[in-house]
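Enquirer: Protein chains in written order, with the working numbering: chain H, 86 to 298; chain S, 86 to 298. Ideal placement from N, C-alpha and C gives every residue a C-beta, glycine not left out.
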DNA sequence: GACATCTCTTGACAACTGTCAAGATCGGGC
DNA sequence: GCCCGATCTTGACAGTTGTCAAGAGATGTC
């Protein structure tokens, strides 16, 4: 944990919930860390480099975090917490199955455009968790929330289509995540054209995930 | 390249094609490197560690390879060259569509059982290629051969089924690779049971990849 | 204003990294 | 035997890493 008593928010505050200055600094550091991590990857992002892209000096990291691993885990958790709601609007606002497919495909492509460094960082950390035990638990937990996020889309799509899903949550997530990762990979070399390809794939694949009415 | 004139095999040899002692040592080193890389991952596998798991000392690496990157690329190429034929027997020997699905699903599960470290290394390097330009070209090339490998399976499956594929090579590879990677990830935590799940997923998903006759 | 606590910087540490050069060792041709 | 090139080891280099301790600065309390 931290270097102080852990301050589980609202330790005697009125209403605005300032979450403690300590926690705010942690988040601030995490946000800086995400920039550097997304640019260099887990292995090559040193604490000095991370601190260099922040308003602080390199020593301050160990005041707010026990070690590099805790900072990284805190950072990716902080980022992914925002992400898991990315497709909720799609699910909520789509009135027909076709509309949902279009909105989902567009959103997938857009997030690669907007946040490619964050996505490659996520895949980097998930892969590192196959080598480093310290990462495994956090990564597994986040991955489960992503699977749930995708399942909300697929399940709603099935409902709107009046047909049952033909695959389970894990398979649906695995397949779509595979396509997404592939698109991300080639996007970093080939750029924009890849994304229309991804949208087309999603339009093809989503219907395949449903069975007969 | 190397530290010597590059010896593109058979520089005046009779028949057994000894490929040159130089190239044999390169391969020998590459095979040792694969062990260490598969255990520690790209970032944490140092040249000293790699050499330590080989019959040689750490300095010899730079006699056979220019730098770490060339060694790693040579190693993964060496490994994947053997891999791309993994499912060829399945394609060749299956007489019915159902037989092919079964054989393919079994083979996928078996290679996770047998070569998990090599597979996680591959995903590690592919992810690193999103951060390191020096890896990109080799990774992209290998990935294309894997896509072709998967397509041979899917295409043959379509033929045996008397139905056309409903998705292209890229999408088929992306989806199956996603499932495979997911299975690998959870296999490293949960072990054997995951693999029967993977087989089940493949039995479900492959038929979904075909259209109407 | 003085004290105490929180916050942050600076500088150092030991360990480790990829790289390379100098030289030892080996093997075969004469 | 001797020599020469190929092969390999040893030891060093400059740089980087995560970590931490000592202390400076800030902040709020009495």
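(1) Report yes or no: do the segment 122-133 of chain H and the segment 204-219 of chain H share at least 3 C-beta pairs separated by less than 8 Å?
(2) Anything in chain S within Cβ reach of residue 223 of chain H, meaning under 9 Å, just list it in chain order.
(3) For the putative contact between residue 264 of chain S and residue 290 of chain S, defined by C-beta atoms under 8 Å, what is the C-beta separation to the nearest angstrom?
(4) Relative to the C-alpha of residue 216 of chain H, which residue among S/273, S/158 and S/132 is closest?
(5) Alpha carbon to alpha carbon, how far is residue 118 of chain S from residue 138 of chain S? Give it in angstroms, no decimals.
(6) Quick one, are the C-beta atoms of residue 135 of chain S and residue 223 of chain S less than 9 Å apart?
(7) Could you check which residue in H/185, H/159, H/108 and H/169 has the C-alpha nearest to that of residue 244 of chain H?
(8) How far does the alpha helix (DSSP H) with residue 254 of chain H in it reach, from first residue to last?
(9) What does DSSP give as the partner residues of residue 298 of chain S in its beta bridges?
(10) Can you give the Cα-Cα distance for residue 201 of chain H and residue 183 of chain S, rounded to whole angstroms?
(11) I'd like to know if the segment 185-199 of chain H and the segment 275-287 of chain H are in contact, where contact means that at least 3 CB-CB pairs between them fall below 8 Å.
(12) Tell me, please, whether the CB atom of residue 169 of chain H is closer than 9 Å to any CB atom in chain S?
(13) Is it right to say residue 297 of chain S is buried, meaning 16 or more other beta carbons lie within 10 angstroms of its own, or is it exposed?
(14) Could you tell me which uninterrupted beta strand (DSSP E) segments, each at least 3 residues in length, are contained entirely in the segment 123-183 of chain S, listed from first to last along the chain?
(15) Rounded to whole angstroms, what's the CA-CA distance from residue 86 of chain H to residue 166 of chain S? Just pull it up for me.
(16) Return the residue from the list H/249, H/257 and H/214 that minimises the CA-CA distance to residue 154 of chain H.
(17) Quick check on this structure: which residue in S/227, S/113, S/292 and S/177 has the alpha carbon closest to the alpha carbon of residue 169 of chain S?
(18) Scan the segment 268-287 of chain S for residues whose Cβ lies nearer than 7 Å to a Cβ of chain H and list them as they occur along the chain.
(19) Looking at residue 176 of chain H: is its Cβ nearer than 9 Å to the Cβ of residue 252 of chain H?
(20) What residues from chain H crowd round residue 211 of chain S, counting only those whose CB sits closer than 8 Å?
(21) DSSP three-state call for residue 249 of chain H: helix, strand or coil?
(22) For residue 148 of chain S, count neighbouring C-beta atoms within 10 Å of its own C-beta (all shown protein chains included) and say buried if the count is 16 or more, exposed if not.
(23) Work out the CA separation of residue 241 of chain H and residue 163 of chain S for me, nearest whole Å.
(24) Starting from residue 284 of chain S and walking both ways along the alpha helix (DSSP H), at which residues does that stretch end?
(25) Is residue 97 of chain H close to chain S, meaning its C-beta is less than 9 Å from at least one C-beta of that chain?
(26) Grouping DSSP H, G and I as helix and E and B as strand, with all else coil, what is residue 216 of chain H?
(27) Can you name the residues of chain S whose CB is closer than 8 Å to the CB of residue 290 of chain H?
(28) Rounding to the nearest angstrom, what Cα-Cα distance links residue 247 of chain S and residue 192 of chain S in this structure?
(29) So, for residue 111 of chain H: in the same chain, excluding its five sequence neighbours on each side, which residues have a beta-carbon less than 6 Å away from its beta-carbon?
(30) Use the C-beta contact count for residue 229 of chain H: other C-beta atoms within 10 angstroms, 16 or more gives buried, fewer gives exposed.
(31) Excluding the 5 residues preceding and the 5 following residue 212 of chain H in the sequence, name in chain order all residues of the same chain whose CB lies nearer than 7 Å to its CB.
(32) For residue 287 of chain H, which residues of its own chain have a beta-carbon under 8 Å away from its beta-carbon, when the five flanking residues on both sides are left out?
(33) Using beta carbons (cut-off 9 Å, strictly below), is residue 216 of chain S in contact with chain H?
(34) Determine the chain S residues that contact residue 293 of chain H at a beta-carbon separation under 8 Å, and present them in chain order.
(35) Using the beta-carbon of each residue, which ones in chain S are nearer than 7 Å to residue 128 of chain H?
Expert: According to the structure shown:
(1) yes
(2) Near residue 223 of chain H there are no residues of chain S at all, since even the closest Cβ is about 13 Å away, more than 9 Å.
(3) 7 Å
(4) S/273
(5) 8 Å
(6) no
(7) H/185
(8) 254-275
(9) Bridge partners of residue 298 of chain S: none, in fact.
(10) 40 Å
(11) yes
(12) no
(13) exposed
(14) none
(15) With a pLDDT of only 45 at residue 86 of chain H, under 50, the local geometry of the prediction cannot be trusted, and the value read off the model is given with reservation. When rounded, the distance between both Cα atoms is 45 Å.
(16) H/214
(17) S/227
(18) 270, 273, 274 and 286
(19) no
(20) 270
(21) coil
(22) exposed
(23) 45 Å
(24) 278-293
(25) Bear in mind that the predicted position of residue 97 of chain H carries a pLDDT of just 32, short of 50, making it too unreliable to give a figure here.
(26) coil
(27) 252, 256 and 260
(28) 23 Å
(29) 149
(30) exposed
(31) none
(32) 186, 189, 190, 193, 261 and 264
(33) yes
(34) 251, 252, 293 and 294
(35) 128
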